[in-house]
C-alpha cells in the first residue's frame, strides 16, 4: 500500500470519526435543550435521596444505605416513546454510599442500618440438638432464620439442611476449627446445596482467626448485637432495638421461649429479615 493511499484512508477515518463525534454532540445538545428533558430535570430535588455512609466505630462497622436519583436518559427515552411528559415514567438509579461495608471486610458488622425497624434471628449451629424443634417453630410462624452451620455437621446431616429452604444457611466453621482449606471446601459444599454463595462469618467477640480468614475470602464477619444465653426472652426484651442481630443458642430454654420472643418482637412493631436482607445497603429490599 502506497503512502498516498495510507494518508487517504487515515483522512477518511478521521472525517468519519469527527462526523460521529459531532453528530453525538448535536443529539446530546438537542436532548438537553428539549423542554421534555428540562421538565424531567425540574423534578430532581423532589426525588433525590442522599446515600448514607456506613459508620465505622473502631474495629466495628454499621451498614449504610443507598440513595437514589433520576436517571435522566432512561426517563427521557421512556417519555419520548410515550409521546409526552408523564411523571409515572420517571426512572431512577441507585447512588452507592461513599463508605460501604463492602470496602471493609476486616471490620465486624454489629447490626443493620438503624433506620430499619427489623431484626434478624441467627443461630450458631454446631449440633443438631433442639434444631428440629426450633426450625418447626420458625416455620409455624413464617419467620426466616439465619443458621451458621459447622461444615462437618453439614456434611453429616445434608438431607436435613437441604430441606431448610425457608431459611438462610451460612458457614460457622469446620469441625469447630478455622483451617482455610477445610473452610473453603465447606463453603463450596454449602454453595452446592443452596446455590447461593455464603456471605457471612460468625464471631462472638474479637476473634482474629475468624475475621482474618473471612476477610481474605471477601466475607463479612458479624458479632451479634444481642447474644442471648440463659434467659433469652428477658435478654431480648431488655436490649431490643432497630436492626438488631439476635443470636439464640440451640438450647431447651430457647425452644421454650422462642414463640414468646417472636410474639414480643412482632408486638413491638418489628419485622423479621434474613441476615443478608438486614445488612443489605440497598434501599430497595
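In this note's numbering, the protein residues as written are -19 to 265.
All C-beta atoms in this analysis are idealised placements derived from N, C-alpha and C, irrespective of residue type, glycine included.
If you're wondering where the values come from, they're calculated on a predicted model, not measured in any experiment.
Cβ-Cβ distance between residue i and residue j below 7 Å
i	j	result
residue 180	residue 200	yes
residue 74	residue 46	yes
residue 254	residue 124	yes
residue 228	residue 234	yes
residue 100	residue 258	yes
residue 272	residue 87	This structure leaves residue 272 out entirely; the chain is present only between -19 and 265.
residue 117	residue 238	yes
residue 68	residue 48	no
residue 167	residue 152	no
residue 189	residue 158	yes
residue 138	residue 102	no
residue 266	residue 85	For residue 266 there is no data in the structure shown, the boundaries of the chain being -19 and 265.
residue 80	residue 222	no
residue 182	residue 128	yes
One or two residues paired with residue i in a DSSP bridge
i	result
residue 50	72
residue 251	98
residue 271	Any property of residue 271 remains undetermined from this structure, which presents the chain solely from -19 to 265.
residue 40	37, 88
Exposure of residue i, with buried meaning 16 or more beta-carbon neighbours within 10 Å
i	result
residue 134	buried
residue 160	exposed
residue 112	exposed
residue 62	exposed
residue 178	buried
residue 211	exposed
residue 82	exposed
residue 37	exposed
residue 224	buried
residue -1	Because the pLDDT of residue -1 is 45, which lies under 50, any placement of that residue in the model is unreliable, and the number read from its coordinates should be weighed accordingly. Label assigned to residue -1: exposed.
residue 131	buried
residue 55	buried
residue 196	exposed
residue 208	buried
residue 92	buried
residue 215	buried
residue 148	buried
residue 176	exposed
residue 108	exposed
residue 260	buried
residue 246	exposed
residue 193	buried
residue 249	exposed
residue 27	exposed
residue 205	buried
Integer-rounded CB distance, given that residue j should sit under 8 Å from residue i
i	j	result
residue 43	residue 34	6 Å
residue 90	residue 203	5 Å
residue 97	residue 262	Their Cβ separation, rounded to whole angstroms, is 17 Å, which puts residue 97 and residue 262 out of contact at 8 Å.
residue 156	residue 106	6 Å
residue 242	residue 104	Not a contact, Cβ separation roughly 18 Å.
residue 23	residue 71	About 12 Å separates the two Cβ atoms, so there is no contact after all.
CB contact check: residue i to chain B, cutoff 7 Å
i	result
residue 161	Absent here is chain B; the protein component of the structure consists of one chain.
Which ranges does the beta strand (DSSP E) cover as unbroken runs of at least 3 residues, wholly within the segment 110 to 191, from first to last along the chain?
DSSP runs (the beta strand (DSSP E)) wholly in the segment 110 to 191: 125 to 130, 148 to 153, 180 to 182.
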